[in-house]
Amino acid sequence: MSATTFGSRKTHSIRVLLDEAVERLLAHGVENPTLNAERLLCQIFGIRRVDLYVEAERVYAFEFAQEFRSLVARRCAGEPLQYIVGETEFMSLPFKTDRRALIPRPETEILVEHVLCWCKTRSAGSKTVKMLEIGAGSGCIAVSLAKYLPAAQVLAVDVTEEALSLARENARLNGVANQVEFMQADYLDDHFAPTLGQKFDAVVSNPPYVSLEDYSQLPAEIREFEPEIALHDGGDGTSFYRRLTEAAPAVLRKGGLLAVEVGLGQARAVESLFDRNGFRRITSLADLNDIKRVVSGECGRYF
Ligand SMILES: C[S@@+](CC[C@H](N)C(=O)[O-])C[C@H]1O[C@@H](n2cnc3c(N)ncnc32)[C@H](O)[C@@H]1O
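Printed below as a string of structure tokens:
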């Protein structure tokens, strides 16, 4: 039995709800409709994905079906799945996600892995590794660095309090609140001096790197739901790279690392900013599609 009527309140089995949702999501042009429908069903019923199929004929209360349909409607309206379910995975760690901050992207893991690798090959055992992150957002970079590098102490800066409040929750969720300090500041402000008297082993950033022009071409799903301030810099997309390459040497230890995520086609220009500002061992890292995603270099100027 897949559908039952209790008075006017018709209930449906998981299988029927899944089929109905896939059809609706498909009609609204949502990519991977089955995966989306499965994830939303798991969220509502609090069950594992495999149970959707093991218990496919199980009939749930009318209220559950209604709640599920309202989540499907939000997804059909373009709201990202991660905001609807309120969580995602990054570097195999759980992160809360909501509209306070950008959704962590898989390509950002390349940046984190590179920094972890650099730190592990250079740090001497338990010596503290001090890091500065510019543009913390959900906290995915700072929290992952702290989690995988117990010797790390991270100062994570963001201009919005909303993002920082989410980042703090994610630091607690992952048990690294004692390793990450959060600070609200505008990195592009000339008066920004977050690091008074401090030197770091590494400065890391996934800054807003979309140009204002390209921002208007981004999919509505991104523009209408994710924070605008996390995506574009109000100019040509290079403001943060200019500021970081000019200002980081003053806060880096001798030979310290500056590592940044870059957008499509930006790597070469960012490499030359690193070069112009005296960085050495400049490296670019590409993703599996051979798109350069990360540029890094070691500080060659000391203050
Ligand atoms: C691309 S998001 C990166 C978020 C997170 N680190 C990640 O990788 O998912 C850029 C972040 O920079 C922050 N931001 C934008 N302008 C800033 C500024 N002037 N100073 C400091 N942070 C800024 C945004 O609020 C946003 O959280």
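Just so we're aligned: the sequence shown equals residues 0 to 302 in numbering that gives the first Met the number 0. Cβ coordinates follow ideal geometry from the N, Cα and C atoms, glycine included.
Short Cβ contact (8 Å threshold) for residue i with residue j
i	j	result
glutamate 78	phenylalanine 199	no
isoleucine 109	aspartate 286	yes
methionine 90	serine 164	no
alanine 313	alanine 162	With the chain covering 0 to 302 only, the question about residue 313 has no answer from this structure.
serine 137	asparagine 169	yes
histidine 113	alanine 268	no
alanine 135	valine 156	yes
glycine 277	glycine 255	no
threonine 107	glutamate 260	yes
lysine 95	leucine 39	no
threonine 244	leucine 284	no
methionine 151	methionine 130	For the sequence presented, residue 151 should be read as alanine rather than methionine. In contact: alanine 151 and methionine 130 (Cβ atoms closer than 8 Å).
cysteine 41	leucine 51	yes
alanine 36	valine 49	no
arginine 74	valine 29	yes
Beta-carbon separation (whole angstroms), residue i vs residue j, contact threshold 8 Å
i	j	result
glutamine 178	valine 153	6 Å
glutamate 66	isoleucine 43	6 Å
aspartate 188	tyrosine 208	Not quite, the Cβ-Cβ distance comes to about 19 Å (not below 8 Å), so this is no contact.
alanine 166	alanine 141	7 Å
tyrosine 147	leucine 115	5 Å
proline 280	glycine 296	The identity of residue 280 in the sequence shown is arginine, whereas the question assumes proline. Indeed they touch by this definition, with Cβ atoms about 6 Å apart.
alanine 247	valine 202	5 Å
glutamate 270	valine 294	6 Å
Bridge partners - residue i, DSSP secondary structure assignment
i	result
isoleucine 102	According to DSSP, isoleucine 102 bridges with nothing at all.
glutamate 260	Val293
aspartate 157	Gln183
arginine 279	Glu297
proline 93	Glu88
glutamate 132	Ala155, Val203
leucine 217	Partner(s): none; leucine 217 has no beta bridge.
serine 12	Val58
valine 209	His231
leucine 284	Val293
leucine 24	Answer by DSSP bridge pairing: none, since leucine 24 is not bridged.
(message) When you compare the segment 11-18 with the segment 57-67, are there three or more beta-carbon pairs, one atom per stretch, that lie closer than 8 Å?
(response) The answer is yes - the segment 57-67 touches the segment 11-18, with three or more Cβ pairs under 8 Å.
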